[in-house]
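S.K.:
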Amino acid sequence: MGDRLAVVTGTSAGIGEAVARALLGEGWTVVGLSRRTSSVEHSAYRHLQVDLGDLDRLKAVGEGTLAPLLRKAAWRRIGLVNNAAVAGGSTPVAELDPLHVAWVLAVNSIAPVFLMGLVSGRAAPGVPLRIVNVSSGAAVRGLAGMIEYCSSKAALRLASMCVAEEMQSAERPGGPRPDAAIVSYAPGVVDTPMQEAARSPGRLWNQLFVDMHAQGQLQPPELPAAEIARWLSSETAEPFAERRFGEP
Ligand SMILES: NC(=O)c1ccc[n+]([C@@H]2O[C@H](COP(=O)([O-])OP(=O)(O)OC[C@H]3O[C@@H](n4cnc5c(N)ncnc54)[C@H](OP(=O)(O)O)[C@@H]3O)[C@@H](O)[C@H]2O)c1
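Residue numbers for the sequence shown follow the working numbering, beginning at 1 and rising by one.
#1: How many angstroms separate the CA atom of Arg-146 from the CA atom of Ala-154?
#2: Taking the DSSP output, what are the residues bridged to Ala-244?
#3: Taking only the alpha-carbon atoms, compute the straight-line gap between Ala-229 and Val-119 and give it to the nearest angstrom.
#4: Near Arg-243, what residues of its chain come up, given a Cβ to Cβ distance below 6 Å and the 5 sequence neighbours on each side ignored?
#5: Tell me, which residues are paired with Thr-9 by DSSP?
#6: Can you grab the Cα-Cα spacing for the pair Ala-20 / Val-8, in whole Å?
#7: For the beta strand (DSSP E) that Val-134 lies in, which residues bound it at each end?
#8: When the distance is taken between beta carbons, is His-213 closer than 7 Å to Arg-203?
#9: For Asn-35, which residues in the same chain have their Cβ closer than 6 Å to its Cβ, ignoring the five residues on either side in sequence?
#10: Is the beta carbon of Val-61 less than 7 Å from the beta carbon of Leu-48?
#11: Would you give the residue range spanned by the alpha helix (DSSP H) that Arg-157 belongs to?
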């Protein structure tokens, strides 16, 4: 087992699976979370099956399984990649079920906030923390049919800034964590099941996604995954940064 621990959400598919593989290749110990099992098999990989929208279960898994792991004195670096997200249903606002909106916000915004709290609260003082919150152009741009997705990504983006401010604050209980850095990272247009679903025939407001696919704009998940892995290993980092794929 290495001495760097990463918690990565959404490791059963897409970008999260590629991030887990990239980190394991670099010697990290990885804990992955998703509803399904993962095809990642490695002696330094542990998978936790959890629906991030089930906040009671997430709390139990967080306190019962992740917290004791995070507290271990062996880690000289801890990473968190809040990658898992659901896209929503391309539903007109008049037909949106408020319980569905609440669930999307739970998965995409509330669970990441809880995990940021867990990691920053349980990691031993002085251990460098690197947090990547996977964002999207949808965090800063409204799109028809994507109310719950855009809202949840906007909320996560601002939550990232709030947590970064807290980590630097002298008033933070336990003292500031100048060793913590958070990036809100937009991975570009990536060839994953999420994109496939977004352009599926018969879906309202799918043309943008059909066109991006037809124009060959999709990139393999390994490319943003490599950037995320590199950032988790960075020695120096600003308390908060926003990055899009391909930016230094
Ligand atoms: N693909 C793109 O073009 C694109 C563009 C901009 C931003 N992003 C962002 O990149 C991130 C990864 O997207 P992706 O394209 O790789 O998506 P994806 O292919 O749909 O994979 C999503 C992952 O999240 C997990 N997940 C979804 N709902 C979950 C839940 N309720 N509980 C636990 N895990 C859950 C899924 O696992 P289970 O289904 O097994 O739970 C899966 O492993 C997301 O934050 C997305 O918003 C993607």
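We put the beta carbon where it would ideally sit given N, CA and C, even for glycine.
M.R.: Walking through what the data contain:
#1: The sequence position of residue 146 within the sequence shown is 146, counting from 1. The sequence position of residue 154 within the sequence shown is 154, counting from 1. Note on residue identity: the sequence assigns Met, not Arg, to residue 146. Using only the alpha carbons, I get a separation of about 12 Å.
#2: If you number the sequence shown from 1, residue 244 lands on position 244. Note that residue 244 is Arg in the sequence shown, not Ala. For Arg-244, which the question treats as bridged, DSSP gives the partners Ala-186.
#3: As a position in the sequence shown, residue 229 is number 229, starting the count at 1. As a position in the sequence shown, residue 119 is number 119, starting the count at 1. The alpha-carbon atoms of Ala-229 and Val-119 are separated by roughly 18 Å.
#4: Reading the sequence shown from its first residue, position 243 is the one you call residue 243. These residues qualify, in order along the chain: Val-183 and Tyr-185.
#5: Taking the sequence shown and counting its residues from 1, one reaches residue 9 at position 9. According to DSSP, which records beta bridges pairwise, Thr-9 is partnered with Leu-33.
#6: Here residue 20 is taken as the residue at index 20 of the sequence shown, counted from 1. Here residue 8 is taken as the residue at index 8 of the sequence shown, counted from 1. The straight-line gap from Cα to Cα measures roughly 7 Å.
#7: One-based indexing of the sequence shown puts residue 134 at position 134. It spans 129-134 - the beta strand (DSSP E) in which Val-134 sits, taken as one unbroken run.
#8: Taking the sequence shown and counting its residues from 1, one reaches residue 203 at position 203. Taking the sequence shown and counting its residues from 1, one reaches residue 213 at position 213. Their beta carbons are not under 7 Å apart, which means Arg-203 does not touch His-213 by this criterion.
#9: Residue 35 sits at position 35 when you count from the first residue of the sequence shown. Going by the sequence as given, residue 35 is Arg instead of Asn. So the list reads Asp-51, once near-sequence residues are dropped.
#10: Reading the sequence shown from its first residue, position 61 is the one you call residue 61. Reading the sequence shown from its first residue, position 48 is the one you call residue 48. For Val-61 and Leu-48, yes; Cβs fall inside 7 Å.
#11: The count along the sequence shown starts at 1 and reaches residue 157 at position 157. 147-168 is the span of the alpha helix (DSSP H), which, as asked, contains Arg-157.
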